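Asks: Be aware that the sequence shown starts at 132, since it is given in the numbering used here, and climbs by one per residue.
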Amino acid sequence: MIAIANVSGFYGDRLAAAREIVDAHQEGRVHVDVLTGDWLAELTMGLLAKQRERGAGGWATTFVRQMHDVLADCLDAGILVVANAGGLDPAGCAAEIAAIDERARVAWVGGDDVTEQVRALPPERTAHLDTGEPLPDAPLVANAYLGCRGIVAALEAGANVVVTGRVTDAAVVVGPAAWCHGWGVDDLDALAGAVAAGHVIECGAQATGGNFSFAAELDGTEHVGLPVAEIEADGSSVITKAAGTGGAVTVETVTAQLLYEVDGPRYLTPDVVARLDTITLTQEAPDRVRLAGTRGEPPPDTVKVGAVVPAGWHNEMTFVLTGLDVEAKAEHALAALWAGVPGGRKAYDRVETRLLRADRPDPARMTEAVSLLTVAVAGSKEAVGRLSRAAVETALAGYPGFFATAPPGPGSAASVFWPILLPAADLPQTVGLGDRTWTVPPPAVEASERGVPAPRSSEQRVRSDSPTTRAPLGTIVGARSGDKGGNATLGLWARDDASSAWLRAWWDAEHVADLLGEDAAGCALRLWEFPLLRAVGVTVVGFLGRGVADNLALDAQAKGLGEFVRARHVDIPEELLR
């Protein structure tokens, strides 16, 4: 067994997480063999490109700070470190870590930077995975989502710290597990099990009670503990956390994370296709959930590449509207704003206005008397810069009670994440350790047909003629949602077999479209289900436009979509509400 702890779910996650995990290991509250984490969201690569332009390095600087704090203790305890925090310059990041402690044997893994290759491709080779459109402009950066084999090679060569560039989110978990257990490229079920475990812990506290629909049922959610995956030689695992930390590890918290940002039963990686619909979860003990049964299929012959493309500029202002006549004040504010911008509203490529009502009749305090009017725009640098100036100029000449939530700003450069495919055979990984640099070929696995167990039927059934009551869907289901480029992903799970049977029967395109409401009008829906997890889901294609970095919506990453649909009222069989 190898125990792998996560200390980061994104660039900006809890800075103290590494220290918390290492202290828990030293105090005997959890066992850890490997410290890992995920610093590279789709948005992050564009942010790192801007950071590198400023001369600050193309890696996650917070990871370096964490290693200054805990690396010596990790080396003393024999804890390995494997992190994708190298971002756009894994070799540079590795050099920073090596300088912290002379005992550190720091390897770096690259080969993911395909910027020049993508820039040289003809338009027809740059088709967007969902829309089919060619790249609209030369990318700032383009990075392939590579697999675990470079990490395995680095550990085999004696590294005790491995810093990678862009790899799949699960690869930093699969790599140490494959190295420890000696898995070859054709150990598909074992690799798939490790991918599933990696997917569960990759977002840190989301597996231990963070962002959990039923968080009110858990203790210590003000400071949730971080997850640890104990991975066995057959690829099965136990998800746990340090004793005495907040939150919980339950079948439901693990289910929620398994549903996060997936696009159906087949979870594709360069190492294996993990069949998420074959997973079974068992609560073995408090804060110990066994994840078993994951089947693996040969990996695809293509690899996903994320190209980051410039997308103009954005700016936003939020006006506070107080007291009476909110809608009239909003109209007044917008009329004055557009009158102050040369060209008015038409000066921008896109405009998004939102009126968020929080006001009440006869308010007892100021917070009960306000609503927020947000104006977001996209366009040229000059045009978006004028928005703030025009808004401020209405301060003394606009609607009564004018004030804003923040001072004006010049706006910011936007980018688009553009997913394309390249042949896996053309993308070896590069590993560097000390004075040595070598190449690791991509895995070559023969294609084969592998059977998958039939989905389990719930033992209990809800009669089709059962009386129903209109109630919030979240009364009987939990949800987790997120973003994949311009798509939103939504997963729902039922809390018992009877509710699962009803949910699976109810889950069709008509009900889902109604559930999502007018915001999803015109979007294609890809429905899926995981019967063994009592779960269903949908990918809402195009729901987020061109993605988080070029999205003016209130919830640009669809993080709140799951809780929105839980609040929707639907006709639920009364027997499920007892």
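In this text, a Cβ means the ideal position worked out from N, Cα and C, and glycines have one as well.
It should be emphasised that the depicted structure is a prediction, and the values quoted were computed from it without experimental measurement.
#1: To the nearest whole angstrom, what separates the beta carbons of Val303 and Thr167, a pair I think is in contact under 8 Å?
#2: Considering Leu266, what are the terminal residues of the alpha helix (DSSP H) in which it resides?
#3: Using a threshold of 8 Å, state whether the C-beta atoms of Arg517 and Val472 are closer than that.
#4: Between Val237 and Gly306, what straight-line distance do the alpha-carbon atoms span, to the nearest angstrom?
#5: Please return the same chain residues whose Cβ sits closer than 8 Å to the Cβ of Gly140, not counting the five positions on each side in sequence.
#6: Compare the Cα-Cα distances from Ser368 to each of His642, Ala689 and Val331 and report the closest residue.
#7: According to DSSP, is Trp659 part of a helix, a strand, or is it coil?
#8: Just to confirm the assignment, what range does the beta strand (DSSP E) spanning Ser546 have?
#9: Would you give the residue range spanned by the alpha helix (DSSP H) that Val298 belongs to?
#10: Alpha carbon to alpha carbon, what distance is there between Gln248 and Trp624?
#11: Report whether the distance from the Cβ of Lys477 to the nearest heavy atom of the ligand ATP is below 7 Å.
#12: CA-CA distance, Thr400 and Asn446?
#13: Buried or exposed, going by whether 16 or more other CB atoms sit within 10 Å of the CB of Phe534?
#14: Rounded to a whole number of angstroms, what is the C-alpha to C-alpha distance between Ala575 and Val434?
#15: If distances are taken between C-alpha atoms only, which option among His642, Lys690, Val696 and Asp566 comes closest to Leu604?
#16: Buried or exposed: Met448, going by 16 or more other Cβ atoms within 10 Å of its Cβ?
#17: At the level of alpha carbons, what is the spacing between Leu146 and Gly673?
#18: In terms of alpha-carbon separation, which member of Gly540, Trp659, Thr413 and Asp614 lies closest to Leu174?
#19: Taking 8 Å as the threshold, find out whether the segment 628-642 comes into contact with the segment 366-380 through three or more Cβ pairs.
#20: According to DSSP, is Leu407 part of a helix, a strand, or is it coil?
#21: Whose C-alpha, out of Ala285, Ala680, Ala619 and Lys690, is nearest the C-alpha of Ala655?
#22: Express the C-alpha separation of Arg665 and Thr409 in angstroms, rounding to a whole number.
#23: Which residues in the same chain have their Cβ closer than 7 Å to the Cβ of Val571, if we skip the five residues on either side of it in sequence?
#24: If you run the structure through DSSP and keep just helix, strand and coil, what is Phe141?
#25: Could you say which of Glu264, Val165 and Glu462 lies nearest to Gln451 if we only look at CA atoms?
#26: Write down every uninterrupted run of the alpha helix (DSSP H) in the segment 624-680 whose length is 4 residues or greater and which is fully enclosed by it, in chain order.
#27: Under the three-state reduction of DSSP, which class applies to Gly475: helix, strand or coil?
#28: I'd like the list of long-range same chain contacts for Ala172, defined as Cβ closer than 8 Å, with 5 residues on each side in sequence excluded.
#29: DSSP three-state call for Ala537: helix, strand or coil?
#30: Smallest Cα separation from Gly289: which of Val316, Ala180 and Gly209?
#31: When you compare each of Val701, Ala464 and Leu553 to Glu255 by their alpha carbons, which one comes out closest?
#32: Opposite Glu447 in the DSSP bridges: which residues?
#33: Assign Thr425 to one of two classes, buried (16 or more other C-beta atoms within 10 Å of its C-beta) or exposed (fewer than that).
#34: Looking only at C-alpha atoms, which of Ala191, Gly540, Gly693 and Ala495 sits nearest to Asp144?
#35: Roughly how many angstroms separate the alpha carbons of His312 and Asp164, rounded to a whole number?
Replies: Taking the geometry as given:
#1: Sequence index remark: in the sequence shown, residue 303 carries index 172 (1-based). Sequence index remark: in the sequence shown, residue 167 carries index 36 (1-based). The Cβ separation is near 5 Å, so the contact holds.
#2: The residue labelled residue 266 in the question sits at position 135 within the sequence shown. Unbroken run through Leu266: none, as it is neither H nor E.
#3: Indexing the sequence shown from 1 puts residue 517 at position 386. Indexing the sequence shown from 1 puts residue 472 at position 341. Yes, the Cβ-Cβ distance between Arg517 and Val472 is below 8 Å.
#4: Taking the first residue of the sequence shown as 1, we reach residue 237 at position 106. Taking the first residue of the sequence shown as 1, we reach residue 306 at position 175. Computed Cα separation, rounded: 15 Å.
#5: One-based indexing of the sequence shown puts residue 140 at position 9. Excluding residues within five positions, the ones whose Cβ falls inside 8 Å are Gly168, Asp169, Glu333, Cys334, Gly335, Ala336 and Gln337.
#6: In the sequence shown, counting from the first residue as 1, residue 368 sits at position 237. The candidate whose alpha carbon is nearest that of Ser368 is Val331.
#7: For the purposes of this step, residue 659 is taken as residue 528 along the sequence shown, with counting starting at 1. In the structure shown, Trp659 sits in a strand (DSSP, three-state: E or B).
#8: Counting from 1 along the sequence shown, the entry for residue 546 is found at position 415. It spans Ser543 to Pro554 - the beta strand (DSSP E) in which Ser546 sits, taken as one unbroken run.
#9: Within the sequence shown, the letter at position 167 stands for residue 298. Segment: none, Val298 is in no alpha helix (DSSP H) and carries neither H nor E.
#10: Your numbering for residue 624 matches position 493 in the sequence shown. Your numbering for residue 248 matches position 117 in the sequence shown. Spanning the two alpha carbons is a distance of roughly 42 Å.
#11: Absent from the structure shown: the ligand ATP. Ligands present: none.
#12: Reading the sequence shown from its first residue, position 269 is the one you call residue 400. Reading the sequence shown from its first residue, position 315 is the one you call residue 446. Cα-Cα distance, rounded: 36 Å.
#13: Start at 1 with the first residue of the sequence shown, and residue 534 comes out as number 403. That one is exposed.
#14: Sequence index remark: in the sequence shown, residue 575 carries index 444 (1-based). Sequence index remark: in the sequence shown, residue 434 carries index 303 (1-based). Ala575 and Val434: Cα-Cα distance of roughly 13 Å.
#15: Working through the sequence shown from its first residue, we reach residue 604 at position 473. Considering only alpha carbons, the answer is Val696.
#16: Position 317 of the sequence shown, counted from the first residue, corresponds to residue 448. The residue is buried, with at least 16 neighbouring Cβ atoms inside 10 Å.
#17: By one-based count along the sequence shown, residue 146 stands at place 15. By one-based count along the sequence shown, residue 673 stands at place 542. If I take the Cα positions, the gap works out to 34 Å.
#18: For the purposes of this step, residue 174 is taken as the residue at position 43 of the sequence shown. The option with the nearest alpha carbon to Leu174 is Asp614.
#19: no
#20: Within the sequence shown, numbered from 1, the residue matching residue 407 stands at position 276. DSSP places Leu407 in helix when its eight states are reduced to three.
#21: Sequence index remark: in the sequence shown, residue 655 carries index 524 (1-based). Per the Cα distances, Ala619.
#22: Along the sequence shown, one-based indexing puts residue 409 at 278. Along the sequence shown, one-based indexing puts residue 665 at 534. Rounded to the nearest angstrom, the two C-alpha atoms are 12 Å apart.
#23: Here residue 571 refers to the residue found at position 440 of the sequence shown. Answer for Val571: Arg280, Gly281, Ala284, Pro559, Gln560 and Val562, listed in chain order.
#24: Taking the first residue of the sequence shown as position 1, residue 141 is located at position 10. Here Phe141 sits in coil by DSSP.
#25: Position 320 of the sequence shown, counted from the first residue, corresponds to residue 451. Here residue 451 is Val; the residue named in the question, Gln, does not match the sequence. Closest option to Val451, Cα to Cα, is Glu462.
#26: 628-637 and 640-647
#27: On the sequence shown, residue 475 is found 344 positions in, with the first residue counted as 1. The answer is helix: DSSP assigns Gly475 an H, G or I state.
#28: Here residue 172 refers to the residue found at position 41 of the sequence shown. Excluding sequence neighbours, Ala172 sits near Phe141 and Tyr142.
#29: In the sequence shown, residue 537 corresponds to position 406, counting from 1. In this structure, Ala537 counts as coil in the three-state DSSP scheme.
#30: Residue 289 sits at position 158 when you count from the first residue of the sequence shown. It is Gly209.
#31: Within the sequence shown, the letter at position 124 stands for residue 255. Looking at the Cα atoms, Leu553 is the closest of the given residues.
#32: Position 316 of the sequence shown holds residue 447. Answer by DSSP bridge pairing, in chain order: Ala507.
#33: Walking along the sequence shown from the start, residue 425 turns up at place 294. Burial call: buried.
#34: Your numbering for residue 144 matches position 13 in the sequence shown. Of Ala191, Gly540, Gly693 and Ala495, the residue nearest in Cα terms is Ala191.
#35: As a first step, residue 312 is located in the sequence shown; it is residue number 181 there, counting from the start. As a first step, residue 164 is located in the sequence shown; it is residue number 33 there, counting from the start. Their backbone Cα atoms lie some 13 Å apart in a straight line.
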